[in-house]
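**Q** Residue numbers (the numbering used here): 2 to 132.
(1) Can you tell me which of the three DSSP states residue 131 falls into?
(2) Residue 81 to residue 51, Cα distance in whole Å?
(3) Specify the secondary structure class of residue 124 as computed by DSSP and reduced to three states.
(4) Note down, one range per segment and in chain order, each alpha helix (DSSP H) of at least 4 residues found wholly within the stretch 60-107.
(5) Is it buried or exposed, residue 41, if we count other Cβ atoms within 10 angstroms and call 16 or more buried?
(6) How many Å lie between residue 29 and residue 11 at the Cα?
(7) Tell me the DSSP secondary structure of residue 25 in three-state form.
(8) Among 126, 89, 114 and 111, whose alpha-carbon lies nearest the alpha-carbon of residue 105?
(9) Going by the DSSP bridge assignment, what does residue 47 pair with across the sheet?
(10) I think residue 71 touches residue 7, with their Cβ atoms under 8 Å apart; what is that distance to the nearest whole Å?
(11) Got a sec, what are the start and stop residues for the beta strand (DSSP E) residue 33 sits in?
(12) Who are the Cβ neighbours of residue 3 in its own chain at under 8 Å, not counting the five residues just before and after it?
(13) Pull up the distance between the alpha-carbon of residue 131 and that of residue 103, whole angstroms please.
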């Protein structure tokens, strides 16, 4: 089994796609007005409008953002990314902080309230894990 994609459902797909294009520096591939993907070498971030959820079932149309999961991106320098991200959003949950497991992390929210973590390994063990 291979995890290939993570999909975010949003009420405002134009706003969300623009946010992620700017945040992660990729250009979205639009397939319909309700569905786009941003593809990286390791995974694809798919973004769908709430209308796409009707295809899966009638009671799945909400988009509330989640605080019980975190979308994580490995970045070269989390402190540099913080300077860029704080210009995009005021919804910073945690400024760059070195975590006990050896990653320096920046936690913020996308326009729908989903948690995003940009992190850079800084301890010897964490660096080994991601090299």
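Where a beta carbon is used, it is the ideal one built from N, C-alpha and C, also for glycine.
**A** The structure says:
(1) Three-state DSSP puts residue 131 in a helix.
(2) Just so you know, the alpha carbons of residue 81 and residue 51 end up roughly 33 Å apart.
(3) It is coil, neither helix nor strand.
(4) Restricted to the stretch 60-107, the alpha helix (DSSP H) segments that are unbroken, complete and at least 4 residues in length are 79-86, listed in chain order.
(5) The C-beta of residue 41 has fewer than 16 other C-beta atoms within 10 Å across all chains shown, which makes the residue exposed.
(6) CA-to-CA, the gap between residue 29 and residue 11 works out to about 15 Å.
(7) DSSP places residue 25 within a helical segment (H, G or I) once states are collapsed to three.
(8) Comparing Cα-Cα distances from residue 105 to each of 126, 89, 114 and 111, the minimum goes to 126.
(9) DSSP, once it has assigned bridges, lists 8 and 38 as partnering residue 47.
(10) About 11 Å separates the two Cβ atoms, so there is no contact after all.
(11) Looking at the DSSP string, the run of the beta strand (DSSP E) that includes residue 33 is 30-33.
(12) Excluding sequence neighbours, residue 3 sits near nothing in its chain.
(13) Distance between the alpha carbons of residue 131 and residue 103: 11 Å.
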